[in-house]
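Novice: Mind looking over this structure? Questions follow.
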Ligand SMILES: [Zn+2]
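Numbering (my numbering), first residue to last: 30 to 281.
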């Protein structure tokens with residue numbers, strides 16, 4: 030870490046926290062890049078795209094469960110239940126509307142909207158984690174920010190895997206990926222300024238994120254994948270993506 034950056038962070042901690050959060054948000058957009066050459070695809074490719082997104086999200090849930098239970102197992106479980114209930118209510122609320130998402134309408138548009146919502150909601154607790162980490166000093170904050178930025182790339186990939194095969198443009202995939210991570214800079218600043226107030230809420234938020242993502246995987250993404258591709262093949266692709274996400278979290 031260069032001395033001038035350290036000086037700047039020390040002199041202006043709140044804007045620095047925001048900038049650190051913004052870096053993680055922009056990193057999410059990188060996840061769209063592998064889809065640069067993918068246009069509208071077959072039902073089978075959509076199924077495997079769903080499987081990739083599912084594996085990446087399941088891997089993220091492992092990380093969230095490990096992190097949340099460090100702060101409190103009961104609170105994490107309660108948060109997880111709240112995340113599932115939130116998704117049930119959101120699903121019901123969306124069902125009543127004639128949605129349009131990119132070029133898609135109906136069921137496909139609803140699924141894309143749910144994907145963006147679930148990934149956006151799950152970013153809140155990560156923003157709090159960034160802000161709270163500044164209380165432990167700049168070195169810790171840099172480490173946490175880098176870890177979240179790296180883990181955001183496959184999350185952008187997961188979002189793009191759901192949006193791009195349904196006809197959403199590459200720039201829009203990157204844009205929605207960044208949007209889904211905007212709660213990170215927005216939550217990091219209040220979490221930094223009022224760290225003692227936010228800390229007890231952290232395991233609930235982490236559990237909430239995991240519950241909402243599990244719901245998305247098991248209720249939306251995998252059932253759709255099973256319709257267009259053989260179950261064993263979907264399971265293999267999901268498992269490989271899950272392992273990839275675990276390795277990213279463990280070694281990067
Ligand atoms: Zn995440």
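Think of the CB as a built atom: it goes at the ideal place given N, C-alpha and C, for glycine as much as any other residue.
On a predicted model such as this, the values are computed, not experimentally measured, just so you know.
Can the beta-carbon of residue 214 be found closer than 8 Å to that of residue 50?
Specialist: Position 185 of the chain shown, counted from the start, is the residue given in the question as residue 214. Position 21 of the chain shown, counted from the start, is the residue given in the question as residue 50. For residue 214 and residue 50, yes; Cβs fall inside 8 Å.
Novice: So residue 97 packs on residue 232, CB below 8 Å; how close in whole Å?
Specialist: Against the chain shown, residue 97 aligns to sequence position 68. Against the chain shown, residue 232 aligns to sequence position 203. Rounded, the Cβ-Cβ distance is 5 Å, consistent with contact.
Novice: Under 8 Å: do the stretch 142-151 and the stretch 235-242 share three or more Cβ pairs, one atom per stretch?
Specialist: Contact holds: three or more Cβ-Cβ distances are below 8 Å.
Novice: If we count the other Cβ atoms within 10 Å of its Cβ and call it buried at 16 or more, is residue 278 buried or exposed?
Specialist: Working through the chain shown from its first residue, we reach residue 278 at position 249. Looking at its Cβ environment, which holds 16 or more other Cβ atoms inside 10 Å, residue 278 is buried.
Novice: Go ahead and pull the three-state DSSP assignment for residue 223.
Specialist: The residue given as residue 223 occupies position 194 in the chain shown. It is coil, neither helix nor strand.
Novice: Taking all protein chains shown into account, do 16 or more other C-beta atoms lie within 10 angstroms of the C-beta of residue 272, making it buried, or fewer, making it exposed?
Specialist: Within the chain shown, numbered from 1, the residue matching residue 272 stands at position 243. Exposed: under 16 other Cβ atoms inside 10 Å.
Novice: Grouping DSSP H, G and I as helix and E and B as strand, with all else coil, what is residue 130?
Specialist: In the chain shown, counting from the first residue as 1, residue 130 sits at position 101. It is a strand residue.
Novice: With C-beta atoms as the reference, is residue 67 less than 8 Å away from residue 183?
Specialist: The residue labelled residue 67 in the question sits at position 38 within the chain shown. The residue labelled residue 183 in the question sits at position 154 within the chain shown. Not in contact: residue 67 and residue 183 (Cβ atoms no closer than 8 Å).
Novice: Go through its chain and collect everything with a Cβ distance to residue 108's Cβ below 6 Å, but skip five positions before and after it.
Specialist: Looking up residue 108 in the chain shown gives position 79. The answer, listed in chain order, is 233, 236 and 237.
Novice: Between which residues of its own chain and residue 245 is the CB-CB distance below 8 Å, once the five residues before and five after are set aside?
Specialist: As a working note, residue 245 is residue 216 in the chain shown. The answer, listed in chain order, is 86, 116, 143, 144 and 147.
Novice: Is the stretch 124-133 touching the stretch 171-190, taking contact as three or more C-beta pairs under 8 Å?
Specialist: No, because fewer than three Cβ pairs between the stretch 124-133 and the stretch 171-190 fall closer than 8 Å, the two stretches do not touch.
Novice: Between residue 83 and the rest of its own chain, which residues show a CB-CB distance below 6 Å, the 5 nearest in sequence each way excluded?
Specialist: For the purposes of this step, residue 83 is taken as residue 54 along the chain shown, with counting starting at 1. Excluding residues within five positions, the ones whose Cβ falls inside 6 Å are 246, 250, 251 and 267.
Novice: In whole angstroms, what is the alpha-carbon distance linking residue 262 and residue 140?
Specialist: What you label residue 262 is simply residue 233 of the chain shown in a count that begins at 1. What you label residue 140 is simply residue 111 of the chain shown in a count that begins at 1. If you take the alpha carbons of residue 262 and residue 140, they lie about 22 Å apart.
Novice: Classify residue 33: buried if its beta carbon has 16 or more other beta carbons within 10 angstroms, exposed otherwise.
Specialist: The count along the chain shown starts at 1 and reaches residue 33 at position 4. It is exposed - the Cβ of residue 33 has fewer than 16 other Cβ atoms within 10 Å.
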